[in-house]
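*Asks:*
Residue numbers (full-length UniProt numbering): 1 to 521.
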């Protein structure tokens with residue numbers, strides 16, 4: 001706690017004293033100025049009177065013819081206590097008529113005297129030298145037809161208003177300054193004699209009206225600062241101090257309400273933060289489980305994607321092989337068609353060979369008949385026909401052998417024809433079967449193409465699903481990180497709520513306030 005260096009009553013008394021000093025100083029300065037001005041006016045009037053007296057004396061001496069003794073008059077004037085010096089100077093107009101005057105006197109005017117002779121206007125001002133301040137008064141003497149009952153224009157032969165000379169004097173201000181100093185001293189003593197009792201009378205008023213209420217407010221404020229909100233604050237004054245006391249009372253009431261609300265809010269925050277922390281922990285565990293599950297699902301989807309891609313590759317390869325088999329089957333059908341045509345040609349040739357052999361067989365039969373006829377004729381010829389009989393026998397033998405060979409060839413050709421016909425039938429059946437095979441292979445090729453397209457589409461879909469699962473896995477990982485941050489924030493909020501509850505617990509509330517707090521809690 002910082003103790004003030006100067007208490008407020010001391011500061012107020014010092015301020016009031018300083019104000020009184022300023023006021024009295026102003027009054028004394030103003031009074032001194034007014035008094036000095038009055039004194040200067042009196043000195044000015046005195047110098048005017050002395051000017052008139054001097055000129056009256058000189059005029060009388062001029063009338064009586066004793067103007068040559070004017071220095072006696074001037075010396076008498078100088079003997080006055082207030083006159084430090086006096087000089088009478090003639091103007092050029094008077095010097096031309098009467099001369100400069102006494103030869104022993106200094107008739108040279110100074111700058112101020114020359115100014116008055118030239119302008120004809122009086123000059124009065126305060127000057128100072130080594131002997132102190134004085135009032136310098138330089139006044140002109142003007143020609144007038146009625147100056148103290150005398151006509152100056154006749155004596156000096158000058159028109160009215162002409163400057164005949166100047167009277168220059170120095171009026172001492174020592175008495176004026178001494179009087180002012182004495183008055184100033186008396187005023188200062190009067191101010192001190194007045195201020196001290198005033199400050200003594202003001203002190204109890206300040207104590208009662210200012211210091212004591214402030215000390216009471218300070219005690220109340222210190223109690224509030226220490227957390228004691230149970231005190232009863234009384235409003236004792238009706239002025240600004242009463243407003244301060246009322247403000248402290250209102251502040252204490254507001255602080256009680258605030259502390260009540262803060263305590264209730266702190267309990268609520270603590271409970272809510274505990275629930276949030278528990279929920280975040282549970283959510284973090286479930287998010288972690290979900291993340292692990294998504295990782296496994298992503299791995300399975302990766303394997304499935306590989307398998308589907310492999311199946312798609314196999315389906316494309318099978319489609320290519322089916323297309324190749326279809327092409328081979330089409331070529332086989334074409335070959336079978338050619339074989340059928342060849343077998344038909346062979347069958348036709350075999351039939352022609354049979355016909356030819358039948359012709360050969362007929363020729364052999366006729367040759368045999370002719371050989372028989374030749375043998376008969378040779379037998380009839382006897383010895384002459386024996387050689388011809390032998391030839392006929394050979395021809396007959398050849399004809400028989402030809403007939404036998406022709407029969408065998410015919411039998412063979414017949415068997416070949418029957419086999420060719422059976423082969424042709426088989427080949428036709430094979431052609432029909434090849435056509436069915438070609439159609440089936442074409443149908444299989446179409447199905448394999450559709451399977452390949454479906455496998456490609458399925459591969460793309462599974463890749464999209466796999467990508468989505470990867471994204472879900474990343475989002476889940478981010479959610480897990482956010483949940484961990486939220487859990488840390490909830491824990492921090494719970495710690496702050498505990499700290500706030502501990503801080504608010506330092507405030508002391510009254511029984512009524514505590515009961516109200518318990519009831520609201």
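No residue lacks a Cβ here, since even glycine has one placed at the ideal position from N, Cα and C.
(1) Out of 415, 126, 284, 450, which one is the CA nearest neighbour of residue 485?
(2) Count the other C-beta atoms from every protein chain shown that fall within 10 angstroms of the C-beta of residue 136, then say buried if there are 16 or more, exposed otherwise.
(3) Between which two residues does the beta strand (DSSP E) holding residue 197 run?
(4) Taking Cβ to Cβ, would you say residue 340 is nearer than 7 Å to residue 428?
(5) Quick check on residue 159: buried or exposed, where buried means 16 or more other Cβ atoms within 10 Å of its Cβ?
(6) So, residue 171 versus residue 82, is the Cβ gap smaller than 7 Å?
(7) Considering only the alpha carbon of each residue, which of 65, 64, 66, 85 lies closest to residue 74?
(8) Does residue 127 come out as helix, strand or coil in the three-state DSSP assignment?
(9) The alpha helix (DSSP H) that contains residue 233, what's its start and end?
(10) Check whether the stretch 37–49 touches the stretch 163–182, counting contact only when three or more Cβ pairs, one atom from each stretch, lie closer than 8 Å.
(11) Need the endpoints of the beta strand (DSSP E) that residue 132 sits in, please.
(12) Helix, strand or coil for residue 509 per DSSP?
(13) Excluding the 5 residues flanking residue 375 on each side, which residues of the same chain have their C-beta closer than 8 Å to its C-beta?
(14) So for residue 47, helix, strand or coil by DSSP?
(15) Could you pull the start and end residues of the beta strand (DSSP E) that residue 89 belongs to?
(16) I'd like the list of long-range same chain contacts for residue 17, defined as Cβ closer than 8 Å, with 5 residues on each side in sequence excluded.
(17) Based on DSSP bridge pairs, tell me the residues matched to residue 163.
(18) DSSP state of residue 278, grouped into three classes?
(19) Across the stretch 456–470 and the stretch 237–249, are there enough close Cβ pairs to call them in contact, namely three or more that are closer than 8 Å?
(20) For the alpha helix (DSSP H) that residue 112 lies in, which residues bound it at each end?
(21) Residue 400 to residue 351, Cα distance in whole Å?
(22) What residues are listed by DSSP as bridge partners for residue 171?
(23) Rounded to the nearest angstrom, what separates residue 220 and residue 226 at their Cα positions?
(24) Is DSSP giving residue 7 helix, strand or coil here?
(25) Going straight from the alpha carbon of residue 77 to that of residue 52, what length do you get?
(26) Among residues of its own chain, excluding the 5 on either side of residue 206, which ones have a beta-carbon nearer than 6 Å to its beta-carbon?
(27) Looking at C-alpha atoms only, which residue of 416, 453, 263 is the closest neighbour of residue 311?
(28) Would residue 544 be called buried (16 or more neighbouring beta carbons within 10 Å of its own) or exposed?
(29) Quick check on this structure: which residue in 404, 36, 475 has the alpha carbon closest to the alpha carbon of residue 181?
(30) Could you check what DSSP says for residue 65 in three-state terms: helix, strand or coil?
(31) Which value, in whole angstroms, describes the spacing of the CA atoms of residue 301 and residue 313?
(32) Taking only the alpha-carbon atoms, compute the straight-line gap between residue 595 and residue 415 and give it to the nearest angstrom.
(33) Are the CB atoms of residue 434 and residue 332 within a distance shorter than 7 Å?
(34) Should residue 261 be labelled buried (16 or more other beta-carbon atoms within 10 Å of its own) or exposed?
(35) How would you label residue 494, buried or exposed, when you count the other beta carbons within 10 angstroms and need 16 or more for buried?
(36) With a cut-off of 8 Å on the beta carbons, I'd call residue 165 and residue 88 a contact; round off their distance for me.
*Replies:* In short, the structure shows the following:
(1) Of 415, 126, 284, 450, the smallest CA-CA separation from residue 485 is found for 284.
(2) It counts as buried.
(3) Premise fails: residue 197 lies in the alpha helix (DSSP H), 174–206, not in any beta strand (DSSP E).
(4) Yes, the pair counts as a contact, with Cβ atoms nearer than the cut-off.
(5) Answer is exposed; the Cβ neighbour count stays below 16.
(6) Yes, the Cβ-Cβ distance between residue 171 and residue 82 is below 7 Å.
(7) With distances taken between CA atoms, residue 74 lies nearest to 85 out of 65, 64, 66, 85.
(8) The DSSP-derived three-state label of residue 127 is strand.
(9) Careful: residue 233 lies outside any alpha helix (DSSP H) and carries neither H nor E.
(10) By the Cβ test, the stretch 37–49 is in contact with the stretch 163–182, since at least three Cβ pairs between them sit closer than 8 Å.
(11) Element bounds for residue 132: 132–142.
(12) Reduced to three states, the DSSP call for residue 509 is coil.
(13) Correct list, in chain order: 389, 392, 393, 396.
(14) In the three-state reduction of the DSSP assignment, residue 47 falls in the helix class.
(15) Taken as a continuous stretch (DSSP letters only), the beta strand (DSSP E) holding residue 89 covers 83–90.
(16) Around residue 17: 195, 199.
(17) Paired residue(s): 142.
(18) In this structure, residue 278 counts as helix in the three-state DSSP scheme.
(19) Proximity of the stretch 456–470 to the stretch 237–249 falls short of the contact definition, fewer than three beta-carbon pairs being nearer than 8 Å.
(20) Residue 112 -> alpha helix (DSSP H) spans 111–119.
(21) Going from the Cα of residue 400 to the Cα of residue 351 covers about 23 Å.
(22) Residue 171 is bridged by DSSP to 83, 135.
(23) Distance between the alpha carbons of residue 220 and residue 226 is about 10 Å.
(24) Judged by DSSP in its simplified three-state form, residue 7 adopts coil rather than helix or strand.
(25) Each residue's alpha carbon lies about 12 Å from the other.
(26) Excluding sequence neighbours, residue 206 sits near 9, 12.
(27) When only C-alpha atoms are compared, the closest one is 453.
(28) With the chain covering 1 to 521 only, the question about residue 544 has no answer from this structure.
(29) Closest option to residue 181, Cα to Cα, is 36.
(30) Collapsing the DSSP output to three states places residue 65 in coil.
(31) Pairing residue 301 with residue 313, the inter-Cα distance amounts to about 18 Å.
(32) The first residue shown for the chain is 1 and the last is 521, placing residue 595 beyond what the model contains.
(33) In this structure, residue 332 places its C-beta atom within 7 Å of the C-beta atom of residue 434.
(34) Exposed: under 16 other Cβ atoms inside 10 Å.
(35) Residue 494 should be labelled buried.
(36) Under the criterion of beta carbons closer than 8 Å, residue 165 and residue 88 qualify as touching, at roughly 6 Å.
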